[in-house]
Amino acid sequence: MEIRHTTNPADFKTFTTERMRNDFLIENLFQEERISMVYTHYDRMVIGGAVPVKETLELEAAETLKTEYFLERREVGFLNIGGDAVITADGESFELGRLDALYVGKGNKKVTIASKDSSNPARVYFCSALAHAEIPSRKISIKEANPNHLGSLETSNERILNQYIHADGIQSCQLMMGVTQLKTGSVWNTMPAHIHDRRMEAYLYFDLKEDARVFHMMGEPSETRHLVVSNEQGVISPSWSIHSGAGTSNYSFIWAMAGENYTFKDMDMVPMNELK
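Numbering (UniProt numbering), first residue to last: 1 to 276.
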């Protein structure tokens with residue numbers, strides 16, 4: 001498991017492109033027959049990807065966590081962006097089609113990930129946060145997610161924000177998770193920008209063609225920078241940072257949040273004339 005430490009926003013102003021990419025960009029999450037994970041000290045979130053082909057992969061407690069098993073003090077949200085997946089939590093199996101999600105709560109000792117068809121393997125993204133209570137596992141399909149239609153084609157940000165794990169959907173201790181899908185002709189997400197000082201956020205950009213890119217904006221509103229992001233790459237977004245982006249075409253992204261507040265209303269909007 002790779003470890004990423006936190007950054008003081010005052011220090012962030014001096015970062016080179018290479019330093020930004022090393023600290024905040026997550027590459028190569030999806031590797032065949034393995035689970036890849038990044039542990040960030042921002043709200044102790046674990047961000048991971050799994051591509052089981054013929055093997056069944058187990059979510060294990062790496063030495064990093066210092067626990068007997070992965071979900072001893074954690075919860076996890078899975079979201080499949082590939083072929084059909086089969087995830088088992090302490091003997092209970094769940095089939096996830098593309099863009100289906102699964103919440104697995106604290107206390108589940110054995111969690112495995114497999115593909116239903118090795119010729120069309122699953123590509124399972126997951127985010128895990130600390131948990132204080134045991135909540136039952138639950139699957140939710142893309143059809144059952146709560147859709148929010150946002151933006152417009154005129155402002156190049158027409159999109160659907162699908163909520164999966166949140167206060168009015170799948171319950172959790174602190175993890176929130178969903179998928180935003182941009183319509184054809186739209187490229188901007190989360191603009192006008194905002195910050196939420198009591199929650200960090202992680203993005204996974206996907207549904208991008210090989211030669212397409214997203215320019216992910218981050219930093220304090222008065223000191224913004226950007227990361228150039230390719231398909232199926234992730235970004236760690238600190239609580240002090242804006243998190244928006246513009247693509248060379250439309251795209252989708254998975255967002256996941258963890259922290260002190262468990263509400264979407266915890267947003268401090270940034271007026272456009274304050275961005276620099």
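Glycine included, C-beta positions come from ideal geometry on N, C-alpha and C. Model, not experiment: these values are computed from the prediction.
Looking at 258, 158 and 91, the one whose alpha-carbon comes closest to that of residue 166 is 258. Following the DSSP letters along the chain, one finds residue 246 inside the beta strand (DSSP E) bounded by residues 244-247.
For the pair residue 181 and residue 256, the Cα-to-Cα distance works out to about 14 angstroms.
About 32 angstroms separates the Cβ atoms of residue 187 and residue 115, ruling out a contact at the 8 angstroms cut-off. Contact annotation: residue 237 and residue 201 have beta-carbon atoms nearer than 8 angstroms.
Residue 199 carries a strand assignment under DSSP once its states are collapsed to helix, strand and coil. Pairing residue 224 with residue 244, the inter-Cα distance amounts to about 11 angstroms.
In the DSSP annotation of this structure, the continuous segment of the beta strand (DSSP E) that includes residue 148 starts and ends at 146-150. When the beta-carbon positions are compared, residue 101 and residue 130 stay at least 8 angstroms from each other.
Within the stretch 80-118, complete alpha helix (DSSP H) segments of at least 4 residues are not found at all.
Excluding five sequence positions before and after residue 156, the CB atoms of its chain that fall closer than 6 angstroms to its own CB belong to 186, 187 and 188, given in chain order. Residue 223 sits in a strand when the DSSP states are folded into three classes.
For residue 162, the CB contacts under 6 angstroms within the same chain, skipping 5 residues up- and downstream, are 145, 147, 178 and 179 in chain order. Counting along the chain, residue 18 sits inside the alpha helix (DSSP H) bounded by residues 17-24. Contact between residue 106 and residue 63 fails: their C-beta atoms lie close to 20 angstroms from each other, not under 8 angstroms.
Nearest neighbour of residue 29 by Cα position, chosen from 42, 46 and 183, turns out to be 46.
In the structure shown, the three-state DSSP call for residue 210 is coil.
When rounded, the separation of the alpha-carbon atoms in residue 69 and residue 90 is 12 angstroms. In this chain, the alpha helix (DSSP H) harbouring residue 12 covers 9-12. The beta carbon of residue 117 lies closer than 8 angstroms to those of 83 and 84 in the same chain, with the five residues before and after it left out. Non-local beta-carbon contacts of residue 23 in its own chain, meaning distances under 7 angstroms to residues more than five positions away in sequence, involve 4 and 7 in chain order.
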